[in-house]
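Numbers in the working numbering are just positions in the sequence shown, counted from 1, shifted up by 484. Backbone N, C-alpha and C define an ideal beta-carbon position, used for all residues, glycine too. One structure is given here, and the rest of the page talks about it.
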Amino acid sequence: MTLLFSFAHPDDESFSGAGTAMKYAAAGARIVLVTATLGEKGKCGDPPVCAPEEIAATREGELREAARIIGFDALYLLGYQDQALGAAAPEEIRARLVRIIRQERPDVVFSFDPNGFNAHPDHVAISRFTADAAAAAADPRWYRQAGEPHTVTRVLWTPPMPPWEGAKLPRLEDAPGADFLFDVSRWKDRRIAALRAHRTQHLSIDRYFFTQPDLDRILATEIWRSGSGPMLRDRPAADLHV
Numbered sequence: 485m486t487l488l489f490s491f492a493h494p495d496d497e498s499f500s501g502a503g504t505a506m507k508y509a510a511a512g513a514r515i516v517l518v519t520a521t522l523g524e525k526g527k528c529g530d531p532p533v534c535a536p537e538e539i540a541a542t543r544e545g546e547l548r549e550a551a552r553i554i555g556f557d558a559l560y561l562l563g564y565q566d567q568a569l570g571a572a573a574p575e576e577i578r579a580r581l582v583r584i585i586r587q588e589r590p591d592v593v594f595s596f597d598p599n600g601f602n603a604h605p606d607h608v609a610i611s612r613f614t615a616d617a618a619a620a621a622a623d624p625r626w627y628r629q630a631g632e633p634h635t636v637t638r639v640l641w642t643p644p645m646p647p648w649e650g651a652k653l654p655r656l657e658d659a660p661g662a663d664f665l666f667d668v669s670r671w672k673d674r675r676i677a678a679l680r681a682h683r684t685q686h687l688s689i690d691r692y693f694f695t696q697p698d699l700d701r702i703l704a705t706e707i708w709r710s711g712s713g714p715m716l717r718d719r720p721a722a723d724l725h726v
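In structure tokens, the structure reads:
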């Protein structure tokens with residue numbers, strides 16, 4: 485099995501997906517990460533971890549360290565402009581993503597939901613571009629030079645509720661959009677290490693994770709919404725092999 489995670493910024497993979505990636509890597513899956521920007525418009529931390537002109541290089545280093553901790557087998561950096569990903573030329577980014585999908589041949593692709601999880605324009609854009617590329621990768625008429633067509637079995641989205649809110653629900657399994665619930669508690673310490681690798685972004689990471697009273701519960705489960713793929717017999721599913 486190969487899993488491909490397609491996100492907009494460094495730290496997206498640690499907010500959403502690190503536990504799932506580690507769970508399936510431990511079971512023998514190949515895990516691949518696509519990051520569309522280097523987050524160069526983001527904050528430098530307080531106190532600053534780097535100078536503003538160093539933010540792109542610093543965040544790339546943070547991303548590479550988080551990817552190492554999580555254990556990604558491949559990391560693709562697309563290099564688009566932070567906070568302007570929606571302005572990327574559709575033909576260009578489609579072709580690049582199709583080539584990656586056909587090369588890696590993932591069974592499941594993970595990305596943001598169509599609302600971008602929190603309506604961030606870059607999140608919305610990478611969701612749209614990823615869905616577009618997954619469809620095009622299966623069609624031999626698109627980009628014949630980009631490799632043999634490949635059909636992704638499932639596309640999974642981030643859920644309507646963030647993990648720090650989902651952890652407060654008495655019965656998360658009853659929440660609409662919680663289509664897959666994965667027990668990732670075994671990888672809590674590595675999830676924490678991956679989050680802490682993004683030192684420039686500690687303000688938001690601390691706010692949503694490390695200052696929460698129920699951190700262990702937040703980190704115990706990852707939630708995914710079914711975007712496309714075979715109909716689920718039961719919701720939520722506890723495994724991808726359904």
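| Check | Outcome |
| --- | --- |
| Pop quiz: residue 687 and residue 523 are said to be a contact at Cβ under 8 angstroms. What is the actual Cβ separation, rounded to whole angstroms? | Actually they do not touch by this definition, with Cβ atoms about 14 angstroms apart. |
| Taking residue 665 as the reference, which of 672, 707, 629, 691 has the closest Cα? | 707 |
| Ends of the alpha helix (DSSP H) at residue 500? | Where residue 500 is concerned, there is no enclosing alpha helix (DSSP H), given that its DSSP letter is neither H nor E. |
| Using a Cβ-Cβ cutoff of less than 7 angstroms, which residues in the same chain neighbour residue 730 once the five nearest sequence positions on both sides are dropped? | Because the chain spans 485 through 726 in this model, residue 730 falls outside it and cannot be assessed. |
| How would you label residue 542, buried or exposed, when you count the other beta carbons within 10 angstroms and need 16 or more for buried? | buried |
| Taking the continuous beta strand (DSSP E) assigned at residue 543, which residues delimit it? | Unbroken run through residue 543 is the alpha helix (DSSP H), 539-554; no beta strand (DSSP E). |
| Verify whether the separation of the beta carbon atoms of residue 620 and residue 593 is less than 8 angstroms. | no |
| To which residues of the same chain is residue 601 closer than 6 angstroms at the C-beta, ignoring the five residues directly before and after it? | 607, 642 |
| Could you give the first and the last residue of the continuous beta strand (DSSP E) run that contains residue 705? | 705-712 |
| DSSP state of residue 783, grouped into three classes? | Residue 783 lies beyond the range of the chain shown here (485 to 726); nothing can be said about it. |
| Residue 563 by DSSP, collapsed to three states: which one? | strand |
| Compute the beta-carbon to beta-carbon distance between residue 505 and residue 488, rounded to the nearest angstrom, for a pair I have assumed lies under 8 angstroms. | Wrong, their Cβ atoms sit about 10 angstroms apart, outside the cutoff. |
| Find the nearest neighbour of residue 574 within the set 613, 561, 544, judged by alpha-carbon distance. | 613 |
| Looking at the unbroken alpha helix (DSSP H) that takes in residue 608, where does it start and where does it end? | 605-621 |
| Going by alpha carbons, who is nearest to residue 661 out of 670, 596, 544? | 596 |
| Would you tell me roughly how many angstroms separate the C-alpha atoms of residue 532 and residue 549, rounded to the nearest one? | 19 angstroms |
| How would you label residue 507, buried or exposed, when you count the other beta carbons within 10 angstroms and need 16 or more for buried? | buried |
| Using the Cα positions of residue 558 and residue 519, report the straight-line distance between them to the nearest angstrom. | 11 angstroms |
| How many Å lie between residue 672 and residue 651 at the Cα? | 14 angstroms |
| Who does residue 492 pair with in a DSSP beta bridge? | BP columns for residue 492 are empty, so no partner. |
| Let me know if residue 495 comes out buried or exposed under the rule of 16 or more other beta-carbons within 10 Å of its beta-carbon. | buried |
| Keeping to the same chain, check which residues put their C-beta closer than 6 angstroms to that of residue 695; ignore five residues upstream and five downstream. | none |
| To the nearest angstrom, how far is it from the Cα of residue 525 to the Cα of residue 702? | 28 angstroms |
| Taking residue 512 as the reference, which of 490, 491, 493, 556 has the closest Cα? | 556 |
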